[in-house]
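Heads up: take any position in the sequence shown, counting from 1, add 1, and you land on the numbering used here. All remarks here apply to the structure that follows.
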Amino acid sequence: MSNFSGSRSGKFLDVDLSSGELRTKDIPPEAMKFIGGSGLATWFVSKMVDPLVEPLGEKNILVFCTGPVTGALPMSSRYVVAAKSPLNGTLGDADAGGFWGTELKATGFDAVVVRGRSKRPLFLWVRDGRAELKDARDLWGLDIQKTENEVKKICGDCRVLSIGPAGENLVKFAVISNDGGRVAGRSGLGAVMGSKGLKAIALKGEHRYSPTQEVVELAKEMTRHLLEKDGIKRLSKFGTGSFLENHLARGNLPLKNWGQDGWSEESAKRISANRLSDLVRIKMRACRNCPVGCEKRIEWNGVDEKGPEYETIAALGSLCLVDDPMSIIKANRSCNLLGIDTIEAGTLIAFLMECFGKGILSDKKVGISLSWGQGENFPELLEMIAFRRGFGAILAEGVKRTAESIGGEAVGLAMHVKGAPICMHDPRVQPDKGLNYATLPSGAYHGKGGSGYVGLRCGSMVEELVKRQNLAEVIDSLVMCSFAFEVWAGGLPVDYIPRILEAVSGMKLSLSDLEEIGGEIFNMKSSFAKAALGRKEMGEVLPNRFKTIPRVRNGVAYNFQAEKFLDEYYRIRGR
């Protein structure tokens, strides 16, 4: 096995599915400025895709990128995927952990760019510096777990990324999954992969990163810091989604399609991650080279699978007033196998429940019965969506388009920003989250902008958020897990960021230099989104109920209005 001494190869694999051509190309020098990961993927999409193209058409591209830090340090085994989003028409990206990202780096490629469209289902097989397209007609229609198993039978020892039936059937919120349930979940990029006839990408790398002594010492220092943090200890024990009663007490737990303030503390406890071990066998697993191990694996009915994390528990649980943990576990399994984003799924179901309750929709119209607190029918509904059966064909377009197709009062019940569903953190008690949702180019997204970084120079809440948005782009370009820097989790001071980049790549940049680069990446995404949506500004108000239905704590009513902050935000961003 040869050594890969640098943190970046400077090469990408260009895959043209229309012609079947596979070529190794140099990454242009101008693109290398944007570090890797999200920055590099954003550059590729911005340069190669007209903002007005059809997201599920042949001229869209799908880009998978690693970063200079991928696999080199703790909490860095991630990749980013990007394309024009079919969910909301902006430049959409998503990221995932596990082992696939480090395996891509080990193939000698920093990125894979997928163009065109195949006339028959294919999968991409990359190993030993060679790449080939293989027939996937026998894989088409299989769920994600079966797909991974079958690809491994064909290719042997490898890492697999794939889509499920939702991606094949162009569900606008289909995901891309790797390593048995690690999910790049936002922006509907699984549908882009399906539109190209690409079922999977299998990797077997022969190049391994050889760390310098400086990198080894930095990794030890970071590990010591991380493992001392209470937030990391909790992640290692429970994953995310523990102690939901605390979220409820703070007014942060979403309830009844965001329309309710109070809920039983016992209900919140019942679905909390720290209670799941009462029902199923749980073990924790780590991404490659990560000391944390926050991936929750559950085993029930003889099946080992990725367990539900906070966003899933809240979306398929409290948002729908469901306090039966097994209903959440079963719905999570359906989403994982079919390839469906759990945040959009829960938002869509809560919307439907409210429409049922108001008499806007009926069992006869939808073909299934839904009511608050009842989760037994979730798997059946998810199958309808994944295979576009009956009313599922409408639901497969996402909550925004579903509400618009129903019309009338339903439009105001759809909880989204720019077509992306509100994530499971309440902007009424976290106004920085609300402004983040309102201003991100891709719409509401909990994975961008952070929840607070240690050592970040702060001014007003708006000034801090802009800095956080910029630094989040840098972290996603390295590519590192955002948990490493979040105050509540790893709490690594932001001064580590330039140290990390210099140690692994030799790039000497100050924190302010990196903030500027992050701002350029953010602006590339904004420019693409403005052109795609025909807008002059990216800010958007949140659904009206965040203004009119408060969360009340200690006699104080909290609501959120993005309008109060947008002028300052535009001024800082230079519009």
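Note that beta-carbon positions come from the ideal geometry of N, C-alpha and C, so glycine has one too. On a predicted model such as this, the values are computed, not experimentally measured, just so you know.
For the pair Val193 and Pro52, the CB atoms are not nearer than the 8 Å cut-off.
Taking every protein chain shown into account, the CB of Lys449 has 16 or more other CB atoms within 10 angstroms, so this residue is buried.
For Lys154 and Val184, the gap between their C-alpha atoms comes out near 22 Å. Considered as a whole, the region 130 to 199 harbours 145 to 156, 166 to 169 and 190 to 196 as its complete alpha helix (DSSP H) runs of no fewer than 4 residues, in chain order. Within a 10 Å sphere around the beta-carbon of Cys291 sit 16 or more other beta-carbons, which makes this residue buried. With fewer than 16 other beta carbons inside 10 angstroms of its own, Asn545 counts as exposed. Less than 8 Å divides the Cβ of Lys401 from the Cβ of Gly420. If only uninterrupted alpha helix (DSSP H) runs of at least 4 residues are considered, those enclosed by the region 359 to 427 are 364 to 367, 379 to 387, 393 to 396 and 400 to 407.
Beta-carbon to beta-carbon, Met416 and Trp264 are separated by about 17 Å, too far to satisfy the 8 Å threshold. In terms of CA proximity to Val557, Asp262 leads the group Ser372, Ile407 and Asp262. Of the candidates Phe45, Gly540, Pro551 and Lys548, the residue whose Cα lies closest to the Cα of Glu569 is Gly540. In the DSSP assignment, Val216 falls within the unbroken alpha helix (DSSP H) covering Gln214 to Leu228. Under a 10 Å Cβ-count criterion, Met49 is classified as exposed, with fewer than 16 other Cβ atoms of the shown protein chains found around its own Cβ.
Residue Ile501 holds the alpha-carbon nearest to the alpha-carbon of Gly72 among Met508, Ser513, Ile501 and Lys365.
Taking a contact as a CB-CB distance under 8 Å, the pair Arg298 and Ile283 counts as one, their CB atoms being some 7 Å apart. Around the beta carbon of Asn555, a 10 Å sphere encloses fewer than 16 other beta carbons of the protein chains shown; the residue is thus reported as exposed. Membership of Tyr497 in any beta strand (DSSP E) is not indicated; the residue belongs instead to the alpha helix (DSSP H) covering Tyr497 to Ser506. The beta carbon of Asn89 sits closer than 6 Å to those of Lys419, Gly420, Ala421 and Gly444, all from its chain and outside the five residues before and after it, given in chain order. DSSP places Asp27 in the uninterrupted beta strand (DSSP E) bounded by Glu22 to Asp27.
With a 10 Å radius around the Cβ and a threshold of 16 neighbouring Cβ atoms, Cys459 comes out exposed.
With a threshold of 16 other beta carbon atoms within 10 Å, Pro428 meets it and is buried.
Residue state for Arg572 is assigned as helix, using DSSP reduced to three classes. If you draw a 10 Å sphere on the C-beta of Val463, you find 16 or more other C-beta atoms in it, and that means buried. Glu310 places its beta carbon less than 8 Å from that of Gly240. Nearest C-alpha to Ala175 among Ile344, Ala473 and Phe523: Ile344. Leu125 is bridged by DSSP to Leu134 and Ile202. For Cys66, the enclosing beta strand (DSSP E) has its first and last residue at Leu63 to Cys66.
Comparing alpha carbon positions, the residue from Asp139, Cys156, Gly182 and Ala132 closest to Ile145 is Gly182. Taking 8 Å as the cut-off, the beta carbon of Asn275 is found closer than this to the beta carbon of Ser243. Considering only Ala346, Asn337, Pro212 and Gly340, the residue with the shortest C-alpha distance to Gly507 is Pro212. Shortest Cα-Cα distance from Asn179 to any of Ala203, Glu169 and Ser188 involves Ala203. For Lys85, the enclosing beta strand (DSSP E) covers residues Tyr80 to Lys85. Counting other Cβ atoms within 10 Å of its Cβ, Gly360 stays below 16 and is therefore classed as exposed.
Close CB contacts of Ser452 within its chain, under the 7 Å cut and outside five residues either way in sequence, are with Glu487, Val488 and Trp489 (chain order).
Contact check for Gly206 against Asp111 fails: the beta carbons are separated by 8 Å or more. Boundaries for Arg282: no alpha helix (DSSP H) harbours it, while the beta strand (DSSP E) harbouring it runs Arg282 to Arg286, taken from the DSSP string.
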